[in-house]
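Residue numbers for the sequence shown follow numbering that gives the first Met the number 0, beginning at 0 and rising by one. The structure appears below as structure tokens.
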Amino acid sequence: MYRAPVEEIAFALKHVAGLRAALDAGTFGDLGEDLVDAILGEAGRFASEEVAPLYKVGDQTGATLRDAAVTMPPGWKELYKHWAEGGWNSLNGPEEYGGQGLPTMMGVATLEMWNSASMAFGIGPTLSMGAVEALEKHASEDLKSAYLAKLVSGEWMGTMNLTEPQAGSDLAALRSRAERSGDGTYRIFGQKIFITYGEHDLTDNIVHLVLARLPDAPAGTRGISLFLVPKFLLNEDGTPGARNDVFCSGIEEKLGIHASPTCTMIYGDGFTKGREPGAIGWLIGEENRGLACMFTMMNNARLLVGIQGVAVAETAFQKALAYANDRRQGKAASYKGEGMAPIVHHPDVQRNLLTMKALTQAARAIAYSCAHAIDMARVSTGADKTHWQDRANLLTPLAKAFSTDVGVDVASLGVQIHGGMGFIEETGAAALLRDARIAPIYEGTNGIQAIDLVTRKLPLGNGEHVFGYIGELAGVAIAVAAMNSEAYGRTALILEQALDDLQDVTRHLQMQLSDGRTDDALAGATPYLRLFSLVAGGAYLARAALADGDAGRIALCRFFAENLLGETAALKDRITGGAASLAAAATALILA
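Rendered as structure tokens:
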């Protein structure tokens with residue numbers, strides 16, 4: 000059973016990602032360390048004692064569809080109601096609409112716990128929180144007053160409707176259409192697929208944010224508008240009234256996250272009989288400028304999906320560690336007891352467990368540091384605001400892609416440690432791997448994140464922001480070297496070499512882009528994102544060790560450096576020398 004690692008989460012927030020310094024500086028007003036600890040402690044209790052016990056029924060029963068209505072697994076409606084009443088949905092919400100206005104870091108930390116306890120549960124509020132941000136920044140005052148308070152409280156939930164059968168990541172191919180009604184509203188027609196929590200019985204209204212095209216819209220992504228389309232239209236008093244012309248026609252049978260309803264949504268198909276067809280919607284922002292509004296929601300969601308990777312990895316590690324201490328097999332030199340040794344004493348199992356732990360903590364540090372940058376950008380002005388916004392933009396693809404890759408890798412190692420029992424559903428190890436596999440795919444595949452990093456984030460600050468960040472990481476390596484401690488082993492040397500690799504390949508990719516060799520640069524994008532993330536993760540683990548000198552943290556950062564960080568040399572070779580062989584071999588793949 001999952002137990003929230005509250006102390007480890009608090010340590011990473013305060014001493015690695017930068018929360019303590021911000022609190023000491025009064026950056027977040029009256030928020031102090033005592034309140035941070037109290038919030039994290041209660042979140043940990045709720046996740047461990049109330050969410051986690053319902054994971055299994057969610058995985059085994061799943062969400063069910065009948066007559067266009069989705070029923071959630073037993074106990075989930077009551078769980079969600081209790082969760083929302085506890086104020087967890089409103090943690091980061093704007094205070095003027097009933098939110099608590101706490102830093103993004105706090106929301107990300109608690110979302111880690113919800114997702115560790117049940118990823119299928121944690122993904123639902125993620126979309127609602129993104130909808131709140133999109134509406135707060137782009138919606139009219141009338142829409143804000145009608146919908147934001149209910150979304151902030153969690154009384155209603157939100158969705159994000161982008162994907163269509165012919166249009167996955169390529170939003171230029173969207174066909175859903177919107178027609179002006181003449182009264183300030185619009186009629187929406189079309190089909191959307193893969194809509195997370197598009198239909199359910201947790202709340203009495205669902206607020207869909209839908210991308211669609213107007214008849215006179217320009218072609219491509221420049222002609223997309225964003226609309227708010229509620230499941231139920233509102234009465235004069237703001238309560239849900241008549242049903243809108245939108246319904247769920249099916250839910251997907253998925254590899255994992257079975258309790259999360261993944262819906263096909265139909266807009267404007269005459270679902271509400273006796274009324275003019277078309278789902279009634281309201282424009283968010285300006286006509287043909289919907290993509291900018293939706294990206295507000297998507298950027299939020301990418302970090303929050305990244306934390307799902309951390310979350311599943313944490314649960315997989317806990318489960319594997321418990322099993323390894325219980326399961327007995329063979330002899331081990333380090334075991335002094337009688338009979339067969341617990342497998343945790345075998346070096347290969349130890350290596351796997353430490354790899355799981357180190358990768359999880361590295362991914363957590365990257366995600367929390369990204370959240371910290373978002374918070375600092377929000378409270379800063381002028382050049383400082385630009386700096387922190389660039390930092391958040393730089394770290395977002397790392398936080399999303401590396402963390403979700405880690406979730407899959409760590410969950411897979413967890414199955415391996417369980418041996419044959421890991422392949423059996425009874426242990427729950429396989430379920431975590433099934434859940435984890437979606438995270439590198441949705442909210443922008445990890446390949447797209449790598450493209451984004453290389454083509455959009457490396458040019459930030461005229462191409463110099465990334466080197467400022469690398470310089471900050473280099474300062475950690477210098478500090479480790481200055482300790483002159485045998486306990487750190489070769490950490491400083493290996494981290495310095497990895498930083499040199501990162502700096503070299505960054506300049507290499509920037510030069511390829513400036514020379515117009517975009518395909519060559521993109522051939523190395525995915526290995527570059529991993530190299531970058533490994534270096535950042537190694538530096539953050541070293542920063543954690545330096546923060547309190549704890550022997551366990553020092554040993555873990557040394558393990559990461561001496562066992563995992565050497566991968567950067569091979570990645571560097573792939574980035575700088577792999578494009579030609581990729582292009583040559585790829586000709587055999589193209590059939591038409």
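A virtual CB, placed ideally from N, CA and C, is assigned to each residue, including glycine. These numbers were taken from a predicted model, which means no experiment stands behind them.
Short check: CB of residue i to CB of residue j, under 9 Å?
i	j	result
F226	W281	yes
A361	A544	no
G443	A522	no
G17	M375	yes
L352	L393	no
Q415	Y1	no
L397	D500	no
E674	T238	Nothing about residue 674 can be reported from this structure: the residues present for the chain run from 0 to 591 only.
T593	A310	Nothing can be reported for residue 593, as the shown portion of the chain is limited to 0 through 591.
E32	R19	yes
A3	M112	yes
V5	Y367	no
P592	D325	Because residue 592 is not part of the residues shown, which for the chain are 0 to 591, the question remains open.
L452	Y527	yes
H371	S379	no
V407	L432	yes
P72	A62	yes
S115	A51	yes
F188	A177	yes
A486	A554	yes
Which residues does DSSP pair with residue i in a beta bridge?
i	result
W281	L227
E163	A166
R350	DSSP lists no partner for R350.
V209	N160 and F226
P239	L233
A177	I187
A68	R65
P341	R327
My output table needs one value for residue i: the three-state DSSP class, helix, strand or coil.
i	result
F559	helix
R390	helix
E77	helix
Y266	strand
S248	strand
M355	helix
Y1	coil
P633	What is shown of the chain runs 0 to 591, which leaves residue 633 out entirely.
M112	helix
Y539	helix
F188	strand
L590	coil
L198	Going by the sequence as given, residue 198 is Glu instead of Leu. Correct three-state label for E198: coil.
R288	coil
R327	strand
T395	helix
E271	The question names Glu, but residue 271 in the sequence shown is Thr. Coil.
F193	strand
T261	strand
Quick check on residue i: buried or exposed, where buried means 16 or more other Cβ atoms within 10 Å of its Cβ?
i	result
R390	buried
M293	buried
D215	exposed
L208	buried
H597	The shown model of the chain, from 0 to 591, leaves out residue 597, and the question about it has no answer.
E77	exposed
P217	exposed
E198	buried
F27	buried
D58	buried
T103	buried
R221	exposed
Using only CA atoms, which one of the options lies nearest to residue i?
i	options	result
G157	I256, P229 and G17	P229
E275	G129, E471 and R242	R242
T202	A522, S152 and Q165	S152
E337	H345, H371 and R327	R327
V107	A315, L521 and L303	L303
L667	G488, K55, G100 and L142	The structure shown does not extend to residue 667, since the chain spans only 0 to 591, so no value can be given for it.
A430	N91, L78 and A119	A119
I256	V475, F531, I437 and R542	I437
E613	K330, V131 and G462	The chain is shown only over 0 to 591; residue 613 falls outside these bounds and no answer can be derived.
D36	F10, A171 and A83	F10
M159	S333, H371, K384 and M296	M296
A524	T70, T195 and D572	D572
G462	A171, H507, D169 and D182	H507
At a threshold of 8 Å, does residue i count as lining the ligand GDP (C-beta to nearest heavy atom)?
i	result
A544	In the structure on display, the ligand GDP does not appear, and there are no ligands present to speak of.
Would you say residue i faces chain D, with C-beta separation under 9 Å as the test?
i	result
T220	In the displayed structure, chain D is absent; only one protein chain is listed.
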